[in-house]
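Engineer: Dumping the structure here so I can ask a few things about it.
Residue numbers (our numbering), protein chains in the order written: chain X, 358 to 940; chain S, 1034 to 1263.
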């Protein structure tokens, strides 16, 4: 057999790049790659934020801005959705936080294949460039809605039905290649490269969430990849996978015999796990933030881990609840409604456990915890409206109304974003070695948190009235009262305010990076390994000459009899001041 | 400082129980003991790739089941006239035989790699790659023949247009995998023959390449069953 060393025994020196380019551009250090991923994702996310502002302006003041034509409006809807879900949330949570946190939290020097990891970022950047290029191709970006349903996505008359959809599909395929390279690294690192003593059941919830989400991604993105290839073929060389016989603009198209529903099945077989690809890392991160800042061990750690795994498994058998009105066999509804409602059980367990972790905790209401508590609120609201939409009979009238918009923005827009804000405030001192401005952080939280309620709560009401989503303007209708316009104006004002308030956030991060006070290596008194690095910010190789050894789980907070109210994971059992074996 | 590694497992007790499996997996450092990173990563990649091929085949079966036009009869379409007689599926049979045989040579290469037999390993890998290249060559012949007979991705003389579309897409994607495999195997074989893995002791690279190759073979079995035999 070959000689074999585990990571803890591996003492080979790391290759340290000497040049600036080697350190910060073509870097193979997981921390630099994480920052590159995050900055790119946030950059492209800002584009999507601007698009949402333009959409809101049109809805509040129809026709007031000349360049927002109906075509442009659909293009904004599509690009906003696609960018936010895939290029911002997925890339930031897995490429950003996954890359930064996995090796640090499990006590590894880096990802198992740093070169592949670097490649993953550059291919991701390519996919973003191709995506942004679609704004400049003839006809503009695709306006098919983020779900890209055929036949309309590739039929003349839809904005961007030519080059727009081609660049979008190409960009998605490239993104999936990039994600696969990164995802293989994250999964293998968690499975095979943990340090001595880091058992699976001692990993922080953050790592669990990111790990299971990565597995979901590796199994769900293939469906989108296949759908993208097939639609690309339909669009470019005239195959008919998704295209039935159809008359467009008075002319029969050359396609015949394809199945549009097939696309929907493939898309949502990816699309529903995608919700959890975004949600599970957020679940994990928020567990750690709540536990750390309320100085209590996470309530029901084992249950939290199993809930993550069960949600991951179930997420693969609920996809057709997005398709109740698609024309698929109505009997499917029984199965998919049932599986959808079952998924509420592990999810509710998680919410109870977060609340029970806070219960009688020594709560420090710092900005990260504010965002985490804000997440619990928005997630409960989004989750409950999900129960409405999971039931076929309730979904049918609410489908394609603003109720749906309110629901998914609450549950998979606002909730993960609040966690991301909380996580950035939580780890910023470790990543930069500086502390952010508390007043600005608080201000950012309150404006954002109250603002999203003003934005999304009225949308549920609009949906119950029957206001359809994706409409450029309402025109003359009997069932939509005039007050809807008034609600739309309020929503728009709130949306623009919240959007503008993010300037506070960016100002805080940037100015603190240069002028913030020096941060303590472990300002929150956290137990997990990333706070125990010899340097702050951690240097290449993370741990100095020897890897840390883990002796306990990640939640030894407020242990009776201990000298401090936390015991880091690498403190041996039975050390003076450390008391009791928790795991 | 007590530095004992964590072991929840008592290897002497009930070795086959589910419990010991779970506790084995959840110990520290590695879930799969003594499995190299590259090997673990290849397995996960193949799992992901399985989903790609499953989606392709499921999509093909869906369009085949839902199309209203008759599906061309594969036995006739894929027949070759040899010595004045039309033999159904003969080319595919040969292609399948070649590809399965290449799995045999690959397995032998892996065996010799573990015995540290540099020359036999390298040559058997090259033989595997040659068989793979032969497979792709025959596939090119098959494509040419069908194109000459008028099969296009958007239509064919015998029935449902989805026939040509699925055929070119699925066999094309599989052929792409085989082509990548041929390049991959050739590269590794040359490195084996140059003694790279003798020097750095990473002979498992051969086994990892073998995993990929067997996977590509296995996928072909499914394509063969679902596309040609159905």
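Ideal Cβ placement from N, Cα and C applies to all residues, glycine included.
Just the Cα atoms here: how many angstroms apart are residue 901/X and residue 919/X?
Structural biologist: In the first chain, counting from the first residue as 1, residue 901/X sits at position 544. In the first chain, counting from the first residue as 1, residue 919/X sits at position 562. So the alpha carbons of these two residues sit roughly 28 Å apart.
Engineer: At a Cβ threshold of 9 Å, is residue 1248/S touching chain X?
Structural biologist: The count along the second chain starts at 1 and reaches residue 1248/S at position 215. No - not a single Cβ of chain X is within 9 Å of the one on residue 1248/S.
Engineer: Any beta carbon of chain S sitting closer than 9 Å to that of residue 583/X?
Structural biologist: Translated into positions along the first chain, residue 583/X becomes position 226. By this cut-off, residue 583/X is an interface position.
Engineer: Could you check whether the Cβ of residue 532/X sits closer than 9 Å to any Cβ belonging to chain S?
Structural biologist: What you label residue 532/X is simply residue 175 of the first chain in a count that begins at 1. Output row for residue 532/X: interface = no.
Engineer: Within the 9 Å Cβ cut-off, does residue 1257/S reach chain X?
Structural biologist: As a working note, residue 1257/S is residue 224 in the second chain. Residue 1257/S does not count as touching chain X.
Engineer: Which stretch, first to last residue, makes up the beta strand (DSSP E) that contains residue 1027/S?
Structural biologist: Chain S is shown from 1034 up to 1263; residue 1027/S falls before or after that span and cannot be answered.
Engineer: Residue 1141/S to residue 1078/S, Cα distance in whole Å?
Structural biologist: As a first step, residue 1141/S is located in the second chain; it is residue number 108 there, counting from the start. As a first step, residue 1078/S is located in the second chain; it is residue number 45 there, counting from the start. One C-alpha to the other measures close to 23 Å.
Engineer: In the DSSP assignment, the alpha helix (DSSP H) including residue 1119/S goes from what residue to what residue?
Structural biologist: Within the second chain, residue 1119/S is the residue found at index 86, counting from 1. From DSSP, residue 1119/S is part of no alpha helix (DSSP H) but of the beta strand (DSSP E) over 1118 to 1121.
Engineer: Mind reading off the beta-carbon distance from residue 525/X to residue 504/X? Whole number of angstroms is fine, and I expect it under 8 Å.
Structural biologist: Residue numbering aside, residue 525/X sits at position 168 when the first chain is read from its first letter. Residue numbering aside, residue 504/X sits at position 147 when the first chain is read from its first letter. That belief does not hold up - the Cβ atoms of residue 525/X and residue 504/X are roughly 12 Å apart, past 8 Å.
Engineer: Between which two residues does the alpha helix (DSSP H) carrying residue 1246/S extend?
Structural biologist: Translated into the one-based positions of the second chain, residue 1246/S becomes position 213. It spans 1237 to 1256 - the alpha helix (DSSP H) in which residue 1246/S sits, taken as one unbroken run.
Engineer: Return no unless some Cβ of chain C is closer than 9 Å to the Cβ of residue 613/X.
Structural biologist: The structure shown contains no chain C; its protein chains are X and S.
Engineer: Going by C-alpha distance, which of 502/X, 501/X, 887/X and 530/X is nearest residue 481/X?
Structural biologist: Counting from 1 along the first chain, the entry for residue 481/X is found at position 124. The shortest Cα separation from residue 481/X among 502/X, 501/X, 887/X and 530/X belongs to 530/X.
Engineer: Once the 5 residues before and after residue 433/X are set aside, which same chain residues still bring their CB inside 7 Å of it?
Structural biologist: By one-based count along the first chain, residue 433/X stands at place 76. Excluding residues within five positions, the ones whose Cβ falls inside 7 Å are 408, 411 and 412.
Engineer: Per DSSP, which one or two residues make a beta bridge with residue 605/X?
Structural biologist: Reading the first chain from its first residue, position 248 is the one you call residue 605/X. Residue 605/X is bridged to 608/X.
Engineer: Report yes if the CB atom of residue 1125/S is closer than 9 Å to the CB atom of residue 1261/S, and no otherwise.
Structural biologist: In the second chain, residue 1125/S corresponds to position 92, counting from 1. In the second chain, residue 1261/S corresponds to position 228, counting from 1. Yes, they are a contact pair.
Engineer: State the DSSP-derived secondary structure class of residue 893/X, mapped to helix, strand or coil.
Structural biologist: Counted from its first residue, the first chain places residue 893/X at position 536. Three-state DSSP puts residue 893/X in coil, outside helix and strand.
Engineer: Any idea if residue 700/X is buried or exposed, counting beta-carbon neighbours within 10 angstroms, 16 or more meaning buried?
Structural biologist: Counting from one through the first chain, the residue named residue 700/X turns up at place 343. Burial call: buried.
Engineer: Quick test of your reading: residue 788/X and residue 851/X, contact by CB under 8 Å. State the CB separation rounded to the nearest angstrom.
Structural biologist: Counted from its first residue, the first chain places residue 788/X at position 431. Counted from its first residue, the first chain places residue 851/X at position 494. With a Cβ gap of about 31 Å, residue 788/X and residue 851/X do not count as contacting.
Engineer: Taking beta-carbon pairs under 8 Å, can you tell me which members of the stretch 892 to 906 of chain X lie near chain S?
Structural biologist: Those would be 906, in chain order.
Engineer: In its own chain, which residues sit with a C-beta less than 6 Å from the C-beta of residue 1121/S, not counting the 5 before and 5 after it?
Structural biologist: In the second chain, the residue the question calls residue 1121/S occupies position 88. 1108 and 1112.
Engineer: With a 10 Å radius around its C-beta and 16 neighbouring C-beta atoms as the bar for buried, classify residue 1106/S as buried or exposed.
Structural biologist: Indexing the second chain from 1 puts residue 1106/S at position 73. Exposed: under 16 other Cβ atoms inside 10 Å.
Engineer: Rounding to the nearest angstrom, what Cα-Cα distance links residue 958/X and residue 692/X in this structure?
Structural biologist: Look at the range of chain X in this structure, 358 to 940, and you will see that residue 958/X is not part of it.
Engineer: Shortest alpha-carbon distance to residue 911/X belongs to which of 917/X, 516/X, 887/X and 745/X?
Structural biologist: Numbered from its first residue, the first chain carries residue 911/X at position 554. Of the candidates 917/X, 516/X, 887/X and 745/X, the one whose C-alpha sits nearest the C-alpha of residue 911/X is 887/X.
Engineer: Are at least three pairs of beta-carbons, each pair with one atom in the stretch 1051 to 1069 of chain S and one in the stretch 1176 to 1194 of chain S, less than 8 Å apart?
Structural biologist: Segments in contact, no.
Engineer: Spell out whether any CB of chain S is found under 9 Å from the CB atom of residue 622/X.
Structural biologist: Position 265 of the first chain, counting from 1, holds the residue named residue 622/X. Residue 622/X counts as touching chain S.
Engineer: Could you work out which residues of chain S lie near residue 469/X, taking near to mean beta carbons separated by less than 9 Å?
Structural biologist: Along the first chain, one-based indexing puts residue 469/X at 112. Result: 1070, 1071, 1073 and 1074.
Engineer: Put residue 836/X into one of helix, strand or coil per three-state DSSP.
Structural biologist: The residue labelled residue 836/X in the question sits at position 479 within the first chain. Coil.
Engineer: Taking all protein chains shown into account, do 16 or more other C-beta atoms lie within 10 angstroms of the C-beta of residue 360/X, making it buried, or fewer, making it exposed?
Structural biologist: Sequence index remark: in the first chain, residue 360/X carries index 3 (1-based). The predicted position of residue 360/X is uncertain, since its pLDDT is 49 and thus under 50; no value can be drawn from it.
Engineer: At 4 residues or longer, what runs of the alpha helix (DSSP H) sit wholly inside the stretch 733 to 797 of chain X?
Structural biologist: Qualifying alpha helix (DSSP H) stretches, in chain order: 749 to 755, 759 to 765 and 772 to 789.
Engineer: I'd like to confirm the pairing. Which residues does DSSP put opposite residue 728/X in its beta bridges?
Structural biologist: Mapped onto the first chain, residue 728/X falls at position 371. DSSP, once it has assigned bridges, lists no residue as partnering residue 728/X.
Engineer: Within 10 angstroms of its Cβ, does residue 378/X collect 16 or more other Cβ (buried), or is it exposed?
Structural biologist: Against the first chain, residue 378/X aligns to sequence position 21. The residue in question, residue 378/X, is exposed, as its Cβ has fewer than 16 Cβ neighbours within 10 Å.
Engineer: Answer yes or no: does any C-beta atom of chain X fall closer than 9 Å to that of residue 1095/S?
Structural biologist: Residue mapping note: residue 1095/S aligns to position 62 of the second chain, counting from 1. Cβ-Cβ to chain X under 9 Å: yes for residue 1095/S.
Engineer: Kindly indicate which three-state DSSP category residue 875/X falls into: helix, strand or coil?
Structural biologist: Sequence index remark: in the first chain, residue 875/X carries index 518 (1-based). In the structure shown, residue 875/X sits in a strand (DSSP, three-state: E or B).
Engineer: Look up residue 519/X in the DSSP assignment and say whether it is helix, strand or coil.
Structural biologist: Numbered from 1 along the first chain, position 162 holds the residue referred to as residue 519/X. Residue 519/X falls in the coil class under three-state DSSP.
Engineer: Let me make sure I understand the geometry here. Which of 466/X, 542/X and 744/X has the alpha-carbon closest to that of residue 451/X?
Structural biologist: Position 94 of the first chain holds residue 451/X. Nearest C-alpha to residue 451/X: 542/X.
Engineer: From the beta carbon of residue 549/X, is the nearest beta carbon of chain S less than 9 Å away?
Structural biologist: Your numbering for residue 549/X matches position 192 in the first chain. True, the Cβ-Cβ gap to chain S drops below 9 Å.
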